[in-house]
Amino acid sequence: MVEPDLAGLQRWMQAAILGRPPSGLEAVVVGEGRLTAAQRLTLYARGYRARLMECLAAEFPCLRALAGEQVFELFAAGYIAARPSTDLSLYGLGAGFADYLEATRPAGDDDEARALSALPAELARLDRVRAEVQRAVGVERLAGPAPDLLLTPGARLRRPDSVRLLNLGFDPGPLLVAVDRGGPIDPPSPCPTQVAVARSRWRVAVHVLPPWRHAWLEALGEAGNDVHAAAAHAAQASGRETGAVIADLALWLPVATGQGLVAAG
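According to my numbering, the sequence shown is numbered sequentially starting from 15.
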């Protein structure tokens, strides 16, 4: 076997430990009296996969609690085999897990079956978003927007990087409480729910939002937007009057600021 460059050797090694030992193994991995080259590679591959499985289990507690250990390991093993990570850190390993589960879920014969088959991907997305928010640039070191200027004409606010908006098919509140207590959980009842996952004072929380709040935060965007323009968008999206949305914003904005949902634009 021609001696490869480092990048080529790394690709070869990843393919070898995630699949069957390739031909020409002895030219790359040195065997000895106690262990052949194939046996050495097998030991390393087992340890490598176990580490990846361990990382996925830690990052996806909700999915793990719902699926149980055996089914979760099947999900994780299938994902690792189908989409080997190319990220330099283990944090990037789970980035595509939810998309993989969505792409491979059963179609389902009726609404109930389809809702149940969608749960693993939705839970994985919620778990991943919580991990992303924990690492994102937050508002902890920023001066908050002046309370008396939040709704003045021309005022601009933005949605911080440490906020993610999700549309879920269930209410995550009871499920998160059950997961924190430990043990298995029952599948949540179908209930279309809009949420914001945000970090404030270094703590990540999941906030259930009425449609107008979700639409307003969406309209703000990470680049920022005029508060009143975002209110008009939220009113149109939720079927409310713009004036009613602005009136509700006057009461909710101080709370939203404290929850890390908005920052000065």
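We put the beta carbon where it would ideally sit given N, CA and C, even for glycine.
**OP:** Name the residue from 90, 230, 143 whose alpha carbon lies nearest to the alpha carbon of residue 219.
**Re:** Here residue 219 refers to the residue found at position 205 of the sequence shown. Put simply, of 90, 230, 143 the residue whose alpha carbon is nearest the alpha carbon of residue 219 is 143.
Subject >> Where the alpha helix (DSSP H) containing residue 265 begins and where it ends >> reply: Indexing the sequence shown from 1 puts residue 265 at position 251. Taken as a continuous stretch (DSSP letters only), the alpha helix (DSSP H) holding residue 265 covers 256–272.
**OP:** Note the first and the last residue of the continuous beta strand (DSSP E) segment covering residue 170.
**Re:** Counted from its first residue, the sequence shown places residue 170 at position 156. Counted as a single uninterrupted DSSP element, the beta strand (DSSP E) harbouring residue 170 occupies residues 170–172.
**OP:** Determine, using beta-carbon pairs with one atom in the segment 239–250 and one in the segment 207–221, whether at least three such pairs fall under 8 Å.
**Re:** Touching, no.
Original post:
Are there 16 or more other CB atoms within 10 angstroms of the CB of residue 99, so buried, or fewer, so exposed?
Top reply: Stepping through the sequence shown from its first residue, residue 99 is reached at position 85. By the 10 Å Cβ count, residue 99 comes out buried.
Original post:
Quick one: Cα of residue 165 to Cα of residue 183, how far?
Top reply: Counting from 1 along the sequence shown, the entry for residue 165 is found at position 151. Counting from 1 along the sequence shown, the entry for residue 183 is found at position 169. Roughly 33 Å between the two C-alpha positions.
Original post:
Pick from 117, 264, 171, 59: whose alpha carbon is nearest that of residue 232?
Top reply: Along the sequence shown, read from residue 1 onward, the residue named residue 232 stands at position 218. Minimum Cα distance to residue 232 is reached at 171.
**OP:** Tell me whether residue 252 sits in a helix, a strand or coil according to DSSP, three-state version.
**Re:** Taking the sequence shown and counting its residues from 1, the one referred to as residue 252 is at position 238. Residue 252 falls in the helix class under three-state DSSP.
Original post:
If we count Cβ pairs, one from each stretch, closer than 8 Å, do we get three or more for the segment 112–131 versus the segment 147–156?
Top reply: no
Subject >> Per-residue DSSP class, three states only, for residue 207 >> reply: By 1-based counting over the sequence shown, the position of residue 207 is 193. It is a strand residue.
Original post:
Where does residue 176 fall in DSSP's three states?
Top reply: Start at 1 with the first residue of the sequence shown, and residue 176 comes out as number 162. If DSSP states are grouped into helix, strand and coil, residue 176 belongs with coil.
Original post:
Since residue 221 sits in a beta bridge, which residues does DSSP pair it with?
Top reply: Your numbering for residue 221 matches position 207 in the sequence shown. Looking at the DSSP assignment, residue 221 forms a beta bridge with 210.
**OP:** Output the distance between the C-alpha atoms of residue 199 and residue 147, rounded to the nearest integer angstrom.
**Re:** Mapped onto the sequence shown, residue 199 falls at position 185. Mapped onto the sequence shown, residue 147 falls at position 133. Rounded to the nearest angstrom, the two C-alpha atoms are 24 Å apart.
Subject >> Length of the line joining the Cα atoms of residue 227 and residue 77 >> reply: Counted from its first residue, the sequence shown places residue 227 at position 213. Counted from its first residue, the sequence shown places residue 77 at position 63. Taking the straight line joining both Cα atoms gives about 27 Å.
Original post:
Which runs of the alpha helix (DSSP H) spanning at least 4 residues fall entirely within the segment 103–152, listed in chain order?
Top reply: 111–118, 125–149
Subject >> For residue 182, three-class secondary structure by DSSP >> reply: Translated into positions along the sequence shown, residue 182 becomes position 168. Strand.
Subject >> residue 73 classed as buried or exposed, judged by whether at least 16 other C-beta atoms fall within 10 angstroms >> reply: Residue 73 sits at position 59 when you count from the first residue of the sequence shown. Classification of residue 73: buried, given that the 10 Å Cβ count is 16 or more.
**OP:** For residue 235, count neighbouring Cβ atoms within 10 angstroms of its own Cβ and tell me buried if that reaches 16, exposed if not.
**Re:** For the purposes of this step, residue 235 is identified with residue 221 of the sequence shown, where counting begins at 1. Its Cβ having fewer than 16 others within 10 Å, residue 235 is exposed.
Original post:
CA-CA distance, residue 278 and residue 159?
Top reply: As a working note, residue 278 is residue 264 in the sequence shown. As a working note, residue 159 is residue 145 in the sequence shown. Near 5 Å, if we compare the C-alpha coordinates of residue 159 and residue 278.
Original post:
Buried or exposed: which applies to residue 208, given that a residue is buried once 16 or more other Cβ atoms fall within 10 Å of its Cβ?
Top reply: If you number the sequence shown from 1, residue 208 lands on position 194. Per the 10 Å Cβ criterion, buried.
**OP:** Just tell me which of 89, 190, 223 has its CA closest to the CA of residue 181.
**Re:** In the sequence shown, the residue the question calls residue 181 occupies position 167. Among 89, 190, 223, the Cα nearest to that of residue 181 is on 223.
Original post:
Is the CB-CB distance between residue 20 and residue 69 below 8 Å?
Top reply: Taking the sequence shown and counting its residues from 1, the one referred to as residue 20 is at position 6. Taking the sequence shown and counting its residues from 1, the one referred to as residue 69 is at position 55. No.
**OP:** Could you check the C-alpha separation between residue 254 and residue 24 for me, to the nearest Å?
**Re:** Reading the sequence shown from its first residue, position 240 is the one you call residue 254. Reading the sequence shown from its first residue, position 10 is the one you call residue 24. Residue 254 and residue 24: Cα-Cα distance of roughly 57 Å.
Subject >> Cβ shell of residue 174 (< 7 Å), same chain only, five flanking positions each side left out >> reply: Sequence index remark: in the sequence shown, residue 174 carries index 160 (1-based). Result list for residue 174: 152, 153, 274, 277, in chain order.
Original post:
Within 10 angstroms of its Cβ, does residue 96 collect 16 or more other Cβ (buried), or is it exposed?
Top reply: Taking the first residue of the sequence shown as position 1, residue 96 is located at position 82. With fewer than 16 Cβ atoms within 10 Å of its Cβ, residue 96 is classed as exposed.
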